[in-house]
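Right, one structure below, let's go through it.
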Amino acid sequence: MLKKAGFKLTHELIAEGLLSEIDREPLKAKYEAGTIFIACSDCDRFKHYFDDLTSVIPRAHTHALNGGAILMDADLADAHPEHPVLRSAHESLFGLTGIEGDLGLKDGLHLVSLLSHFPCGMAAVLKMDLREVVRSTLKAKRLIKERFPSANVLALLSIDWRESVLEEDQALGVRTYGMTLKDWERFEAFFAERQALLQEAA
Ligand SMILES: [Zn+2]
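Note that our numbering gives residue 82 to position 47 of the sequence shown, counting from 1, and the numbers run on in steps of one.
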């Protein structure tokens with residue numbers, strides 16, 4: 036039931052234009068120099084979204100930790116004092132061992148690609164529903180742009196359709212979608228209108 040509702044929400048997000056397939060050619064041309072890539076280390080899905088991203092931007096300087104982009108949300112550690120490691124993960128991803136270091140150590144990297152995914156075991160441990168995963172990823176994008184004004188940030192959500200109960204979904208495999216911070220209010224309105232489905236998916 037959890038997954039069924041989650042995939043239904045995802046279909047609706049795509050239909051509303053809130054999630055969209057990545058526009059590959061412009062990205063290829065614009066970010067030839069590469070990207071910093073922050074993603075969940077999920078052993079069943081990492082290869083899929085890494086291959087997907089690097090088919091567009093081959094040079095991907097990668098940080099993979101359980102949860103990926105959601106760890107960049109500054110409020111996540113406050114919300115979960117029972118997991119102090121969240122604060123150190125957040126600080127390390129922003130600091131010398133993360134984005135700040137990457138920008139200084141590697142020439143040409145100005146793009147940060149932030150990826151969260153559904154379903155994600157770490158998000159489930161933190162009891163985050165799809166709305167919270169989207170919120171955390173977009174908040175992370177905003178924070179990176181504040182801290183590193185010269186950086187561009189791509190907010191991505193990977194969906195593992197193979198986990199859906201519907202065969203036509205399963206055929207889609209693992210796909211990467213883009214989200215934009217400009218749609219923050221639209222995302223909020225979308226999820227507010229679908230509380231029942233969201234609770235079913237939680
Ligand atoms: Zn994950």
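For glycine and all other residues, C-beta sits at the position ideal for the given N, C-alpha and C. Since the model is a prediction, treat every value here as computed from it, not as a measurement.
- Between ligand 1 and the CB of C78, the shortest heavy atom gap is not smaller than 7 angstroms.
- By the criterion of a C-beta distance shorter than 8 angstroms, L53 is surrounded in its chain by M214, D218, R221, F222, F225, once the five residues flanking it on both sides are discounted.
- Boundaries of the beta strand (DSSP E) around Y212: 209-214.
- As for any alpha helix (DSSP H) of minimum length 4 sitting wholly inside the segment 178-204, there is none.
- Sorted by chain position, residues whose beta-carbon lies closer than 7 angstroms to a non-hydrogen atom of ligand 1 are C75, D77, N101, G102, G103, H152, C155, G156, M157, A158.
- Counting the other CB atoms within 10 Å of its CB gives D113 a total below 16, which places it among the exposed residues.
- Under the DSSP assignment, I134 falls in the alpha helix (DSSP H) whose first and last residues are 134-140.
- Exposed is the label assigned to R182, since fewer than 16 other Cβ atoms lie within 10 Å of its Cβ.
- Pairing L144 with T132, the inter-Cα distance amounts to about 15 angstroms.
- If you look at H83, you'll find it in the alpha helix (DSSP H) that goes 81-89.
- For K141, same chain residues with a beta-carbon under 7 angstroms away, outside a window of 5 residues either side, are H96 in chain order.
- In this structure, the alpha-carbon of L146 lies about 22 angstroms from that of D77.
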